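**Student:**
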Amino acid sequence: MSALTLLFVLLFTSTASAWHTEKHELLNEAVEVLKDMQDAPDVAIPTKLLQKAKAIVVIPTLLKGGFMLGARYGEGIATVRNPYTGKWGPPSFITSAGASFGFQAGAQAIDLVLLVMSERGIKGLLKDNFTLGGDIALTAGPVGRYAEAGADILMQGEIYSYSRSKGLFGGVSLKGTVVQPNEDKNRSYYGTTMNADQILMGGKLKRIPKTAMDFIGSMNKVAPPFQNPYQGEKLAQNEAPSQPIPAQVAKPANPVRAPQAAPPVMSRRVEPSHPKPPVQAKSKKQEPLW
């Protein structure tokens, strides 16, 4: 093997290892962002909202910067909940990009979480160019302990956004941001030609890397399903089961036995009796008078 060939092999191996490490770190960062948000009660995502989400998108670092023309770019992951088991599926890598106009100065890093609550939102997420706030409205999600009580009333949106910003910008507008699958990373990570739709919805992956399995396990802990009748998991408090539970008849502690019937009395055969002759009264013997 020539020195040039050896150098090429070493460079290729190190590059592939770096890509894998980058994806592994991205999965870990996505879970950490979600955990950190939930650990802060005043800005936490309502539990019911998180548990009923059909899909979750996490972009650990969405960078934004500019002066008159601003740009946004970030990489993250998307995962879809299995409708039968309630568990999260294998992650698909995504990219996010967008532009904004107007006076702006400085730089900003945003941790972004999107909760997809509808099937239409999932279909939009699988498009090549899905624009936030375009065909499907993007709603700023409720936060904090007081939002928990009204989560059922507030759950009317299709996609809720949660962001945690660090930088000079006071706020962030996500309207016009494009989210699309990163098919190159998906192919490199899974070693297959399956696209994001097949990874998220098909369930036909022959090999799931250990780092992806770790990610799935962590997501199931951070955002467990609301109810899971198929696997017999505990239902959420005050939630009726989907299938009625058959009532069980309680057995008495000291069962009382029913009195047993007396054995039937066998009738005895009565032999006919011969009539006895009538008893004649004995006359007294009279003494002679003489």
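When you line the sequence shown up against mature numbering (1 follows the signal peptide of the UniProt record, and there is no 0), it's residues -18 to -1, 1 to 272, in that order. The C-beta atom is built at its ideal place from N, Cα and C for all residues, glycine as well. All of these numbers come straight from a predicted model, not from anything done at the bench.
Would you list the residues sitting across from THR43 in a DSSP beta bridge?
**Tutor:** Partner(s): GLU57.
**Student:** Evaluate the contact criterion for the segment 68 to 79 versus the segment 175 to 188: three or more CB pairs, one atom per stretch, below 8 angstroms.
**Tutor:** Because the criterion of three Cβ pairs below 8 angstroms is met, the segment 68 to 79 and the segment 175 to 188 touch.
**Student:** Going by beta carbon distance, what residues of the same chain come within less than 7 angstroms of GLN162, once the five residues before and after it are set aside?
**Tutor:** Correct list, in chain order: ILE76, THR77, ASP110, ASN111, PHE112.
**Student:** With burial defined as no fewer than 16 other Cβ atoms inside 10 Å of the residue's Cβ, what is the status of ARG63: buried or exposed?
**Tutor:** By the neighbour-count rule (16 or more Cβ atoms within 10 Å), ARG63 is buried.
**Student:** Would you kindly work out how many angstroms separate the C-alpha atoms of PRO211 and ALA205, rounded to a whole number?
**Tutor:** Low confidence applies to PRO211: its pLDDT is 42, below 50, so where it sits in the model is not reliable, and the reading given next is rough at best. Their Cα atoms are separated by approximately 17 angstroms.
**Student:** Would you call the segment 30 to 41 and the segment 115 to 122 in contact, with 3 or more CB pairs under 8 angstroms?
**Tutor:** No, the segment 30 to 41 does not touch the segment 115 to 122.
**Student:** From the DSSP output, in three-state form, read off SER145 for me.
**Tutor:** In this structure, SER145 counts as strand in the three-state DSSP scheme.
**Student:** Let's see if you can read the secondary structure: which residues bound the alpha helix (DSSP H) around GLN20?
**Tutor:** Start and end: -16 to 21.
**Student:** For a quick check, are the C-beta atoms of VAL39 and LEU16 less than 8 angstroms apart?
**Tutor:** No. Outside cutoff.
**Student:** Would you list the residues sitting across from PHE75 in a DSSP beta bridge?
**Tutor:** Bridge partners of PHE75: ILE59.
**Student:** Helix, strand or coil: how does DSSP classify GLY103 here?
**Tutor:** It is helical.
**Student:** Please name the residue or residues paired with ASP117 in a DSSP beta bridge.
**Tutor:** Answer is none; ASP117 lacks a bridge partner.
**Student:** Have a look at SER147 and ALA122 and give me their C-alpha separation to the nearest angstrom.
**Tutor:** When rounded, the distance between both Cα atoms is 14 angstroms.
**Student:** Do PHE197 and LEU9 have their C-beta atoms closer together than 8 angstroms?
**Tutor:** Cβ atoms of PHE197 and LEU9: closer than 8 angstroms.
**Student:** Please classify THR175 as buried or exposed, where buried requires at least 16 neighbouring CB atoms within 10 angstroms.
**Tutor:** With fewer than 16 Cβ atoms within 10 Å of its Cβ, THR175 is classed as exposed.
**Student:** To the nearest whole angstrom, what separates the beta carbons of LEU95 and MET201, a pair I think is in contact under 8 angstroms?
**Tutor:** Note on residue identity: the sequence assigns Val, not Leu, to residue 95. Not quite, the Cβ-Cβ distance comes to about 12 angstroms (not below 8 angstroms), so this is no contact.
**Student:** From which residue to which residue does the alpha helix (DSSP H) around GLN33 run?
**Tutor:** Element bounds for GLN33: 29 to 33.
**Student:** Give every residue of the same chain whose Cβ lies closer than 7 angstroms to the Cβ of GLY80, excluding the five residues on either side of it in the sequence, and list them in chain order.
**Tutor:** Taken in chain order, the residues that qualify are ARG54, GLY158, THR159, VAL160.
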